[in-house]
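Have a look at the structure below, then the notes.
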Amino acid sequence: MSDFPETRAAEPEEAGTGSSSRRRFLATAGVAAVAAALAGCKNLSLEEFVQRNFREVSKDELKTIIARLEKEYAAKFGKKVTVGLEPPLPGVLFGYALDLSRCIGCRRCVYGCVKENNQSRDPQIQWIRVLQMDKEAGVDIQHADPYYNPELVPQEGHFYMPVQCHQCKNPPCVKVCPVGATWQEPDGITVVDYNWCIGCRYCMAACPYGARHFNWGAPHLPPEEINPATHYLGNRPRSKGVVEKCTFCIQRVRNGRYPACVEVCPTGTRKFGNLLDPQSEIRYILENKRVFLFKEDLNTQPKFFYFYGV
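If you want it as structure tokens, here you go:
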């Protein structure tokens, strides 16, 4: 007689019973355990954890995801929050130009961006940095002061250089992401799938412009200050443990509006438009003004240009 139980052919099992049910339970429990292990950095539900990358999700799945997010945000902030899915516009490649001869260093662009894009107030996250430089020294990043605080701006003998995501054509941040959580859209905007980001911060190390920011703590966004008009790949509320960045206000520009920083600038320093349109203002600037690229030698091929208008 054998020491082992008799082996029998597998028989059909009722739904939800037997070994197949146990296997499903163990698989789900395993995923849940991993999700729980990651909860120290990201507060993900099991549904969020098993969600595929945004680019792989079907239209029906997207509807479910958006409905879930809008419900969660409404419960959290006590108001209706919409999450848009506006796709890239055909025949559009967005570009940005900034007039260094006009910027007065007022930082209105910084706070306009914070308000529009639902950035954390505490700990404070800002996607735009404004550097104060000495006019006699010229563009000298090593000795630039991002923490200037005079009573009035512009301060005599100085000029100002705002820096943000340059939406590179050859983005090093995209190349180093191990999970494909960041990519460049056809309209030139580099985006992040916050649900897919694992917070490794490789992209931050690769970015030569310091344009990516990590949520070390749970972002603090007062309900009365949230901008309820959001985009899945843009300004929707983020969580602890993910990296975020400027998206040229994707929720605005894909609806025919200017980025918030362009609208709020009091001196007309910031210009934005379609690089593929020969009649656009930004094309006129590139063809007729003194233009330079920041860190051009790195061959990132940014779509963010600096120029001297006067």
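Residue numbers (this note's numbering): 1390 to 1699.
Idealized CB from N, CA, C, for every residue including glycine.
Query: Taking the beta carbon of Thr1417 as the centre, do at least 16 other beta carbons fall within 10 Å, making it buried, or is it exposed?; Result: Caution is warranted here: a pLDDT of 44 is assigned to Thr1417, below 50, making its placement in the model unreliable, and no coordinate value can be reported.
Query: Taking buried to mean at least 16 other C-beta atoms within 10 Å of its own C-beta, is Phe1694 buried or exposed?; Result: buried
Query: For Leu1522, write down the residues that DSSP places opposite it in a beta bridge.; Result: One detail in the question is off: residue 1522 reads as Met in this sequence, not Leu. For Met1522, which the question treats as bridged, DSSP gives the partners Phe1548.
Query: Pull up the CB-CB distance for Gln1515 and Val1503, whole angstroms please, since I reckon it's below 8 Å.; Result: 6 Å
Query: Should the region 1466–1482 be regarded as contacting the region 1628–1636, the criterion being three or more beta carbon pairs within less than 8 Å?; Result: no
Query: Compare the Cα-Cα distances from Ala1570 to each of Asp1576, Thr1656, Gln1553 and Cys1589 and report the closest residue.; Result: Cys1589
Query: Put Tyr1673 into one of helix, strand or coil per three-state DSSP.; Result: helix
Query: Inspect the beta-carbon positions of Pro1560 and Gly1467 and report whether they are closer than 8 Å.; Result: no
Query: For Ala1595, which three-state DSSP category applies?; Result: helix
Query: For Leu1664, I'd like the list of residues in its chain whose CB is within less than 6 Å of its CB, leaving aside the five on either flank, ordered along the chain.; Result: Leu1482 and Gly1484
Query: Out of Ala1533, Pro1667, Cys1562 and Val1446, state which residue places its alpha-carbon closest to the alpha-carbon of Ile1578.; Result: Cys1562
Query: Do Gly1501 and Gln1640 have their CB atoms nearer than 8 Å?; Result: no
Query: By alpha-carbon positions, which one of Thr1656, Ser1509, Val1580 and His1555 ends up nearest to Phe1681?; Result: His1555
Query: Can you confirm whether the region 1660–1676 touches the region 1542–1554 when touching is taken to mean that 3 or more C-beta pairs between the two stretches lie within less than 8 Å?; Result: no
Query: Identify, in the order they occur along the chain, each residue of the same chain with its Cβ nearer than 7 Å to the Cβ of Arg1497, setting aside the five sequence neighbours on each side.; Result: Val1653, Cys1654 and Pro1655
Query: On the DSSP bridge list, what partners appear for Asp1534?; Result: Gln1521
Query: Using alpha carbons as the reference points, say which of Ile1615, Phe1603, Ser1490 and Ser1509 lies closest to Gly1527.; Result: Ser1490
Query: What is the DSSP secondary structure of Tyr1695, counted as helix, strand or coil?; Result: strand
Query: In this structure, what does DSSP give as the bridge partners for Leu1487?; Result: Arg1659 and Tyr1695
Query: Going by beta-carbon coordinates alone, are Leu1622 and Ser1509 separated by less than 8 Å?; Result: no
Query: To the nearest whole angstrom, what separates the beta carbons of Asn1584 and Gln1440, a pair I think is in contact under 8 Å?; Result: 6 Å
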